[in-house]
Amino acid sequence: MDLQYLREIGLHHEFGEALSTDTAELPLAAVMPDDLEFDEEAEAAVAAGLPLFRFGFREAVELPDGGPRGFRGIFRGFMLARGRRRLLHEGLKEQGIELLVPPHCYEAAHFFPATYATLAPLSPRACWAPVDGPATPETFRSACEEVRSWNCRYVVLKDFVKSAKAHGKRFMQVPMEDLEDAACDFVAARGARFNEGVVFKEYVDLVRYPGRGEASTNEWRLWFLGGNLMEVTANSFQEIIGGRRATSEAGLRAGVWNGSVHRQPIHHH
Numbered sequence: 470m471d472l473q474y475l476r477e478i479g480l481h482h483e484f485g486e487a488l489s490t491d492t493a494e495l496p497l498a499a500v501m502p503d504d505l506e507f508d509e510e511a512e513a514a515v516a517a518g519l520p521l522f523r524f525g526f527r528e529a530v531e532l533p534d535g536g537p538r539g540f541r542g543i544f545r546g547f548m549l550a551r552g553r554r555r556l557l558h559e560g561l562k563e564q565g566i567e568l569l570v571p572p573h574c575y576e577a578a579h580f581f582p583a584t585y586a587t588l589a590p591l592s593p594r595a596c597w598a599p600v601d602g603p604a605t606p607e608t609f610r611s612a613c614e615e616v617r618s619w620n621c622r623y624v625v626l627k628d629f630v631k632s633a634k635a636h637g638k639r640f641m642q643v644p645m646e647d648l649e650d651a652a653c654d655f656v657a658a659r660g661a662r663f664n665e666g667v668v669f670k671e672y673v674d675l676v677r678y679p680g681r682g683e684a685s686t687n688e689w690r691l692w693f694l695g696g697n698l699m700e701v702t703a704n705s706f707q708e709i710i711g712g713r714r715a716t717s718e719a720g721l722r723a724g725v726w727n728g729s730v731h732r733q734p735i736h737h738h
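First residue of the sequence shown: 470, per this note's numbering; consecutive thereafter.
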């Protein structure tokens, strides 16, 4: 979402109890890791007129010169595990920046089990199994029994945050007879990036459109603030045919509000 737009709309009206009254009156700043990957976005934030603070976060949060005093922070950075996100929030707060999204809101929107009840009417069926120690077939037995009761042919495996698309189709179209072993392999494949548990999602065929070199799905990102749809951004590589993509932005906005988007299954990546 355009940072200048966020600045203009007055964020404190949207967050209610998420921010204290004192915090809501603080000026807005962009907050990003000191990683080269975010250099271009840092330049865009400065060009939009926002103060910019970049931090290091190896063991503790490190801001140059001990940090600023008295800012609300829009965080743009890497996805973090639950504990690391809390450490980031507290570390920045101690140095004068309170992130707009507190840890409990991040967790409610970031981890699949917390979002599924809301998205279930729009989404293929899903169930999950937490992984608290070494993953064995028994870890996933109960979840796999539920999956097999669906009588579908395949499932997609992901952890509580991400899939493993980099490993090809191995975990993106898993047959019923291979579920427990595939789940164990999935945990191993994700390695240190594994997040908390394994989600089994019913596999559905998605409509594909001509793309840059190969067929592409029709993916959009919807940006919400305080429960309001603020921005709709194309996030796929299908060609623009006849001056429009497969779904127009205006049509997608209308679909979100009247509920018609349930006709197109939603996949979480």
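Yeah, the Cβ is synthetic: ideal placement off N, Cα and C, and Gly gets one too.
- Query: Start and end of the alpha helix (DSSP H) containing R545?
  - Reply: Within the sequence shown, numbered from 1, the residue matching residue 545 stands at position 76. Per DSSP, R545 belongs to no alpha helix (DSSP H) and is neither H nor E.
- Item | 3 or more residues per run - each beta strand (DSSP E) lying fully within the region 628-672 | 666-671
- Should T605 go down as buried or exposed, given a rule of 16 or more other Cβ atoms within 10 Å for buried? Counting from one through the sequence shown, the residue named residue 605 turns up at place 136. Burial call: exposed.
- Message: Give me, in chain order, the residues of the same chain whose beta-carbon lies closer than 8 Å to that of L561; leave out the 5 immediate sequence neighbours on both sides.
- Response: Position 92 of the sequence shown, counting from 1, holds the residue named residue 561. Hits under 8 Å: V500, F524, V530, L532, G536, G542, E567 and L568.
- Distance, Cα to Cα, W619 vs G539? On the sequence shown, residue 619 is found 150 positions in, with the first residue counted as 1. On the sequence shown, residue 539 is found 70 positions in, with the first residue counted as 1. Rounded to whole angstroms, W619 to G539 spans 52 Å at the Cα level.
- Item | Cα-Cα separation between H573 and V624, rounded to whole angstroms | The count along the sequence shown starts at 1 and reaches residue 573 at position 104. The count along the sequence shown starts at 1 and reaches residue 624 at position 155. Going from the Cα of H573 to the Cα of V624 covers about 29 Å.
- Task: Assign C613 to one of three DSSP states: helix, strand, or coil.
- Result: By 1-based counting over the sequence shown, the position of residue 613 is 144. If DSSP states are grouped into helix, strand and coil, C613 belongs with the helices.
- From this set, L675, L495 and V668, which residue's C-alpha is nearest A583's C-alpha? Walking along the sequence shown from the start, residue 583 turns up at place 114. Taking only the C-alpha atoms, the option nearest A583 is V668.
- Query: Helix, strand or coil: how does DSSP classify C596 here?
  - Reply: Taking the first residue of the sequence shown as position 1, residue 596 is located at position 127. DSSP places C596 in strand when its eight states are reduced to three.
- Task: Could you give the DSSP three-state label for T686: helix, strand or coil?
- Result: Numbered from its first residue, the sequence shown carries residue 686 at position 217. Strand.
- Message: So, for A578: in the same chain, excluding its five sequence neighbours on each side, which residues have a beta-carbon less than 7 Å away from its beta-carbon?
- Response: The sequence position of residue 578 within the sequence shown is 109, counting from 1. So the list reads T584, once near-sequence residues are dropped.
- Message: Within the continuous beta strand (DSSP E) that includes E560, where are the two ends?
- Response: Mapped onto the sequence shown, residue 560 falls at position 91. The sequence given here has Gly at residue 560, not Glu. Note, G560: premise wrong, no beta strand (DSSP E); alpha helix (DSSP H) at R551 to E563.
- Message: Can you give me the C-alpha to C-alpha distance between V515 and E563, rounded to a whole angstrom?
- Response: Your numbering for residue 515 matches position 46 in the sequence shown. Your numbering for residue 563 matches position 94 in the sequence shown. V515 and E563: Cα-Cα distance of roughly 24 Å.
- What's the call for F547, buried or exposed, on a 16-neighbour Cβ count within 10 Å? Against the sequence shown, residue 547 aligns to sequence position 78. Exposed, since its Cβ has fewer than 16 Cβ neighbours within 10 Å.
- Euclidean distance between Cα positions of A511 and R553: Numbered from 1 along the sequence shown, position 42 holds the residue referred to as residue 511. Numbered from 1 along the sequence shown, position 84 holds the residue referred to as residue 553. A511 and R553: Cα-Cα distance of roughly 22 Å.
- Query: In angstroms, rounded to a whole number, what distance separates the CA positions of N697 and Y575?
  - Reply: Against the sequence shown, residue 697 aligns to sequence position 228. Against the sequence shown, residue 575 aligns to sequence position 106. If you take the alpha carbons of N697 and Y575, they lie about 17 Å apart.
- Task: Return the first residue and the last residue of the beta strand (DSSP E) that A703 is part of.
- Result: Here the question's residue 703 lines up with position 234 in the sequence shown. Segment N697 to A703, the beta strand (DSSP E) holding A703.
- Query: Under 8 Å, do A633 and F655 count as touching if we go by C-beta distance?
  - Reply: In the sequence shown, residue 633 corresponds to position 164, counting from 1. In the sequence shown, residue 655 corresponds to position 186, counting from 1. Closer than 8 Å, so yes.
- Closest by CA to F507, which one among E494, L497 and F522? Position 38 of the sequence shown, counted from the first residue, corresponds to residue 507. The option with the nearest alpha carbon to F507 is F522.
- Query: Taking C-alpha atoms, which residue in F640, R594, V701 and A684 lies nearest to A657?
  - Reply: By 1-based counting over the sequence shown, the position of residue 657 is 188. The shortest C-alpha separation from A657 is found at F640.
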